[in-house]
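Residue 177 in full-length UniProt numbering sits at position 177 of the sequence shown, and the numbers go up by one each step. Even glycine gets a Cβ: it sits at the ideal position worked out from N, Cα and C. Predicted model, so just to flag it, every value in this text is computed and none were measured.
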Amino acid sequence: MSTLILTVPGLGSSGPEHWQSLWEHLYGYQRVEQREWDAPRRPDWVATLAQAVQAAPGPVVLVGHSLACSTIAYWAWQHAASKVHGALLVAPADTEQADFPAEAVDFAPMPLRELPFPSIVVASTNDEYVTLARATEFARAWGSRLVNAGALGHLNSTSGLGQWPAGHALLQELVAGR
């Protein structure tokens, strides 16, 4: 049975030029669609992710961006994660940061427990939503491998990543179980 790739966008979703959207178009990956992208509630986002994983016919690899990284970590604490074979956690937004958007207030504190599946955290050195030091702390707590992407901002469409081949290669490592 083939692995289902579920993209899990963050606050505001991922627009048409975002690498998650491009991957969905190019490779047929499925997006976890939240009901409310701009005023998220953690329990709703976690429940929607749980439904998407439960509905999957076989193994799943999650691809989270920004606020979705903490959503995935909260989900992993509360639900059976045996279907999830890995997670690519890109630019995990620090929900405890003083200037974090108030719309996502109930996503703090950051969930800092080891994830029950392999994971890779990708962080930038100049991300406005998380310092590299905090991203390193998240990766350590989650039991994730950390990849420093360099100075690429929030690793979103503004970063000009296009199809982001380097990120897709990391995803393929998780799919292959490496």
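Is the closest heavy atom of the ligand NAP to the C-beta of Trp77 under 7 Å?
As for the ligand NAP, it is missing from this structure, which has no ligand bound.
Candidates Ala73, Pro116, Leu115, Glu114: which alpha carbon is nearest Thr95's?
Numbered from 1 along the sequence shown, position 95 holds the residue referred to as residue 95. In terms of CA proximity to Thr95, Ala73 leads the group Ala73, Pro116, Leu115, Glu114.
Gln163 burial status per 10 Å Cβ neighbour count (16 or more: buried)
Along the sequence shown, read from residue 1 onward, the residue named residue 163 stands at position 163. Within a 10 Å sphere around the beta-carbon of Gln163 sit fewer than 16 other beta-carbons, which makes this residue exposed.
Would you say the stretch 97-110 touches the stretch 52-65, given that touching needs at least three Cβ pairs under 8 Å?
Judged by Cβ distances under 8 Å, the stretch 97-110 makes no contact with the stretch 52-65, as fewer than three pairs qualify.
Per DSSP, what kind of secondary structure is Ser119 in: helix, strand or coil?
In the sequence shown, the residue the question calls residue 119 occupies position 119. DSSP, reduced to helix, strand and coil, places Ser119 within a strand of the structure shown.
Starting from Arg134, follow the alpha helix (DSSP H) in both directions and report where the run begins and ends.
Translated into positions along the sequence shown, residue 134 becomes position 134. Taken as a continuous stretch (DSSP letters only), the alpha helix (DSSP H) holding Arg134 covers 132-142.
Enumerate in chain order the residues of its own chain whose CB-to-CB distance from Asp106 is below 7 Å, with the five nearest sequence positions on each side excluded.
Indexing the sequence shown from 1 puts residue 106 at position 106. Closer than 7 Å at Cβ, skipping near neighbours: Arg41, Arg42.
Beta carbon of Asn148, beta carbon of Ala123: below 8 Å?
Numbered from 1 along the sequence shown, position 148 holds the residue referred to as residue 148. Numbered from 1 along the sequence shown, position 123 holds the residue referred to as residue 123. Asn148 places its beta carbon less than 8 Å from that of Ala123.
By the three-class DSSP mapping on this structure, what secondary structure does Leu62 have?
As a position in the sequence shown, residue 62 is number 62, starting the count at 1. Judged by DSSP in its simplified three-state form, Leu62 adopts strand.
What first and last residue would you give for the beta strand (DSSP E) that runs through Gly160?
Looking up residue 160 in the sequence shown gives position 160. That residue, Gly160, is in no beta strand (DSSP E); it is neither H nor E in DSSP.
Helix, strand or coil for Arg42? Go by DSSP, reduced to three states.
Here residue 42 refers to the residue found at position 42 when the sequence shown is read from its first residue. Here Arg42 sits in helix by DSSP.
Tell me which same chain residues have a C-beta within less than 8 Å of the C-beta of Glu114, skipping the five on either side of it?
The count along the sequence shown starts at 1 and reaches residue 114 at position 114. Sequence-distant Cβ neighbours of Glu114 in its own chain, meaning closer than 8 Å and more than five residues away, are Ala141, Trp142, Gly143.
Below 8 Å, how does it come out for the stretch 128-139 and the stretch 158-175: are there three or more Cβ pairs, yes or no?
Verdict: no, contact absent.
Paired residues, beta bridge with Arg145 - DSSP:
Along the sequence shown, read from residue 1 onward, the residue named residue 145 stands at position 145. Beta-bridge pairing links Arg145 to Ile120.
Would you be able to state if there are at least three C-beta pairs under 8 Å between the stretch 23-34 and the stretch 78-90?
Because the criterion of three Cβ pairs below 8 Å is not met, the stretch 78-90 and the stretch 23-34 do not touch.
The alpha helix (DSSP H) enclosing His25, as first and last residue numbers
Working through the sequence shown from its first residue, we reach residue 25 at position 25. Segment 19-27, the alpha helix (DSSP H) holding His25.
Report back the beta-carbon spacing between Gly153 and Asn126 to the nearest angstrom; my notes put them in contact at under 8 Å.
If you number the sequence shown from 1, residue 153 lands on position 153. If you number the sequence shown from 1, residue 126 lands on position 126. The C-beta distance from Gly153 to Asn126 rounds to 6 Å, short enough to fall under 8 Å.
Count the other CB atoms within 10 Å of the CB of Gln54; is the residue buried (16 or more) or exposed (fewer)?
As a first step, residue 54 is located in the sequence shown; it is residue number 54 there, counting from the start. Answer is exposed; the Cβ neighbour count stays below 16.
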